[in-house]
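Below is one structure, written out as structure tokens; comments come after it.
Protein chains: 2
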Amino acid sequence: MSITKNNIREKLDQFTSHWTPHIIAELNGQAVKIAKIKGDFIWHKHDEEDEMFWVIKGCMKMELRDQTLILHEGDFTVIPKGIEHKPSAENETQILMFEPKETLNTGDGQSPLTVKNPQKI
Amino acid sequence: MSITKNNIREKLDQFTSHWTPHIIAELNGQAVKIAKIKGDFIWHKHDEEDEMFWVIKGCMKMELRDQTLILHEGDFTVIPKGIEHKPSAENETQILMFEPKETLNTGDGQSPLTVKNPQKI
Chain A
1 MSITKNNIRE KLDQFTSHWT PHIIAELNGQ AVKIAKIKGD FIWHKHDEED
51 EMFWVIKGCM KMELRDQTLI LHEGDFTVIP KGIEHKPSAE NETQILMFEP
101 KETLNTGDGQ SPLTVKNPQK I
Chain B
122 MSITKNNIRE KLDQFTSHWT PHIIAELNGQ AVKIAKIKGD FIWHKHDEED
172 EMFWVIKGCM KMELRDQTLI LHEGDFTVIP KGIEHKPSAE NETQILMFEP
222 KETLNTGDGQ SPLTVKNPQK I
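As given, the protein sequences belong to chains A and B, one line each in that order. Under our numbering, think of the first position of the first sequence as 1, with each following residue one higher. Under our numbering, think of the first position of the second sequence as 122, with each following residue one higher.
Okay, structure coming up:
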């Protein structure tokens, strides 16, 4: 297996679509995913998986049922399994997610935004 | 459980020591750790754990037995389990690691640099 280095900015430059997670690394059954987001996502939860969100650039809103977090560049949060959440961003925002490899972006939600097999880049 | 947001820069400002990983998030049995590094670490490997390194600020050298990677800001790499590696940094460098919660910083190596219970910040 070849061990290489990669760069987050170069990876982000490889796609322009919104709400399409791309896998940039896999380890220990987990995946590191990046996405560009703009507008509203759907309310959903992941029954078995915690999910970390990290804002690389821009500003993201994370609505929970009892509070709303505003995440700016360098801010991160962990949404524990079972907790309903709804990400959104007024302007295009670049985010990174740490989560199990099999985590579905829309969790238990039904939506055309579901990406069943995120692309590895 | 209260869900909060945190900031990577604020977390990095909370300590000055070198080669002392600090846990900033835990999820799915994994930990997100940050460290400030300067000088040489030891050769070691983790028999059961893959380890992701990401340079937040500065420049890190990652020696492997058959190659050397130079990681600048925004660069990342995954060192698969079982692979010997030796991190170092000429000048102080800030890094993030994503790995199983129980991963010992010095792996199978014997060193006074071992941190058995990384502080959560």
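Glycine included, C-beta positions come from ideal geometry on N, C-alpha and C.
Assuming Ile129/B and Phe76/A are in contact, meaning their beta carbons sit under 8 Å apart, how far apart are those beta carbons, in whole angstroms? The Cβ separation is near 7 Å, so the contact holds.
Using alpha carbons as the reference points, say which of Thr235/B, Gln135/B and Glu172/B lies closest to Ile268/B. This structure does not reach residue 268/B, given that chain B is present from 122 up to 242, and the question cannot be answered.
Out of Gln110/A, Asp108/A, Leu104/A and Ser111/A, state which residue places its alpha-carbon closest to the alpha-carbon of Asn117/A. In terms of CA proximity to Asn117/A, Leu104/A leads the group Gln110/A, Asp108/A, Leu104/A and Ser111/A.
Who are the near neighbours of His193/B in its chain, counting only those whose CB is closer than 7 Å to its CB and skipping five residues on each side? If we look at His193/B and ignore the five residues flanking it on each side, its Cβ neighbours are Val176 and Cys180.
C-beta neighbour in chain B for Gln110/A, strict 7 Å: Closer than 7 Å: no.
Select from Lys57/A, Met62/A and Val32/A the residue whose C-alpha is nearest the C-alpha of Lys45/A. Its Cα nearest to that of Lys45/A, the residue Met62/A stands out among Lys57/A, Met62/A and Val32/A.
Contact residues within the stretch 175-198 of chain B, judged by C-beta distance below 7 Å to chain A: So the list reads Leu185, Leu190, Leu192, Gly195, Asp196, Phe197 and Thr198, given in the order they occur along the chain.
Which residues mark the beginning and the end of the beta strand (DSSP E) in which Ile200/B is found? Here the beta strand (DSSP E) through Ile200/B covers Asp196 to Ile200.
Any residues in the stretch 133-160 of chain B with a beta carbon nearer than 9 Å to a beta carbon of chain A? Which ones, in chain order? Of all residues in the stretch 133-160 of chain B, those with a C-beta nearer than 9 Å to a C-beta of chain A are Ile145, Ala146, Glu147, Leu148, Asn149, Gly150, Gln151 and Val153, reading in chain order.
Chain B partners of Glu92/A, CB-CB under 9 Å? In chain order: nothing, as chain B lies at least about 18 Å away.
Can you check whether the C-beta of Met97/A is within less than 7 Å of a C-beta belonging to chain B? Chain B, which has no Cβ nearer than 7 Å to the Cβ of Met97/A, makes this no.
With hydrogens ignored, establish whether the beta-carbon of Ile37/A is closer than 6 Å to any heavy atom of the ligand HEM. With respect to the ligand HEM, the structure shown offers nothing to examine, as it has no ligands at all.
Could you tell me whether the Cβ of Ile129/B comes closer than 7 Å to any Cβ of chain A? Chain A, which has a Cβ nearer than 7 Å to the Cβ of Ile129/B, makes this yes.
Run the CB neighbour count on Gly107/A, radius 10 Å, all protein chains shown included, and call it buried at 16 or more, exposed below. Here Gly107/A is buried, its C-beta having at least 16 other C-beta atoms within 10 Å.
Grab the span of the alpha helix (DSSP H) containing Lys132/B for me, first residue to last. Residues Ile129 to Leu133.
Run the CB neighbour count on Lys241/B, radius 10 Å, all protein chains shown included, and call it buried at 16 or more, exposed below. Exposed, by the Cβ-count rule.
Are the C-beta of Met100/A and some C-beta of chain B separated by less than 7 Å? Reading the sequence as shown, one finds Pro at residue 100/A and not Met. Contacts with chain B at 7 Å (Cβ-Cβ) include Pro100/A.
Let me make sure I understand the geometry here. Which of Thr16/A, Val32/A and Leu27/A has the alpha-carbon closest to that of Lys38/A? Looking at Thr16/A, Val32/A and Leu27/A, the one whose alpha-carbon comes closest to that of Lys38/A is Thr16/A.
Counting only C-beta atoms, is Lys207/B closer than 7 Å to chain A at any point? The beta carbon of Lys207/B sits no closer than 7 Å to any beta carbon of chain A.
Rounded to a whole number of angstroms, what is the C-alpha to C-alpha distance between His265/B and Asn212/B? Residue 265/B lies beyond the stretch modelled for chain B, which goes from 122 to 242, so this question has no answer here.
First and last residue of the beta strand (DSSP E) that includes Ile95/A? For Ile95/A, the enclosing beta strand (DSSP E) has its first and last residue at His85 to Pro100.
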